[in-house]
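Asks:
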Amino acid sequence: MPLARLVTASLFLLAAATAVQAQEDYPFTGEWECDGAPFVFTSTVYSVGDDSYDVQEVQEGSDGSYSLFLSDDVYITLSDITSDTLDFSSSESDRTLSCRRY
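Here the sequence shown is numbered in our numbering, starting from -16 and rising by one per residue.
1. Looking only at C-alpha atoms, which of Asp18, Glu43, Gly19 sits nearest to Asp8?
2. Tell me the rounded alpha-carbon separation between Ser48 and Ile59.
3. Have a look at Ser35, Arg84, Val57, Asp63 and flag the residue whose alpha-carbon is nearest the alpha-carbon of Ser76.
4. In this structure, what does DSSP give as the bridge partners for Leu69?
5. Here's the rule I'm using: 16 or more other beta-carbon atoms within 10 Å means buried, otherwise exposed. How should Met29 be labelled?
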């Protein structure tokens, strides 16, 4: 019986580690330059310059865009994502920024 528990625990840990790794493998993850400013996007943090914001949730749109929810009322959308470019927009602004990967 102890061996069965060990195998079960090992499989659980492997599945949990794979899920965490998968969350970090979004196409927007990394360092970007958006209209001259440094931006960093991960599944857990969005930062611009010295300011960082916790990402509460990531949702993928049917068009391949991603919305990163920072709070109940504030979110950013990353769209038209390629390996080296994306467009950034915020619920707090009408502007769309063009971004290039560093």
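Glycine residues also receive a C-beta, built at the ideal position from the N, C-alpha and C atoms.
Replies: Checking against the coordinates, here is how it stands:
1. Numbered from its first residue, the sequence shown carries residue 8 at position 25. Here the closest residue by C-alpha is Glu43.
2. By one-based count along the sequence shown, residue 48 stands at place 65. By one-based count along the sequence shown, residue 59 stands at place 76. Roughly 10 angstroms between the two C-alpha positions.
3. Counted from its first residue, the sequence shown places residue 76 at position 93. When each option's Cα is compared against that of Ser76, the closest is Val57.
4. Taking the sequence shown and counting its residues from 1, the one referred to as residue 69 is at position 86. Cys82, per the DSSP bridge assignment.
5. Within the sequence shown, the letter at position 46 stands for residue 29. Here residue 29 is Tyr; the residue named in the question, Met, does not match the sequence. The residue in question, Tyr29, is buried, as its Cβ has 16 or more Cβ neighbours within 10 Å.
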